[in-house]
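J.:
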Amino acid sequence: MTQFYAIQLCKATMTIEKLRQENVVLRMGDQSQVAKLKDTISEQQFQIQALQNKLDMWKMMSNGPYLFHFQPVGRSANLSAEGYWNATCRHNYTPQAAADSFGQTSAVVLHSKP
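Each residue of the sequence shown is one higher than the last, beginning at 8 in this note's numbering.
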């Protein structure tokens, strides 16, 4: 009778070990699937943010260029030196003073006689 119980105990121990190994394999599979899903979520959140930014830009552009009317004007707007300084609220500067403040040659060209 003791041999019978010993055999049953051995079978039960083997079954328990087999189930433990199967449990570990399933857990590892679940963890890798969770990691893949997290990566997918991150990529989709990035794409959603990019699309929202595009949508915001399209909305601003569809409202017309007058939205950008109050933006600061730079030299690329083909303004003269005086116009540039007036547009940037530096009304007390002359073109000469503006050029001097940047260490550039004078905006006023003096012609010398040869």
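Glycine residues also receive a C-beta, built at the ideal position from the N, C-alpha and C atoms.
Please state whether DSSP places Met-68 in a helix, a strand or coil.
T.: Helix at Met-68.
J.: How many angstroms separate the CA atom of Gln-52 from the CA atom of Leu-44?
T.: One C-alpha to the other measures close to 12 Å.
J.: At the level of alpha carbons, what is the spacing between Ile-23 and Glu-29?
T.: So the two alpha carbons sit approximately 10 Å from each other.
J.: What's the gap between the Cα of Val-41 and the Cα of Leu-62?
T.: In a straight line, the C-alpha of Val-41 is about 31 Å away from that of Leu-62.
J.: From the DSSP output, in three-state form, read off Met-8 for me.
T.: Looking at Met-8 - three-state DSSP - the assignment turns out to be coil, as it is neither helix nor strand.
J.: Pull up the distance between the alpha-carbon of Gln-59 and that of Leu-33, whole angstroms please.
T.: Cα to Cα, Gln-59 sits roughly 38 Å from Leu-33.
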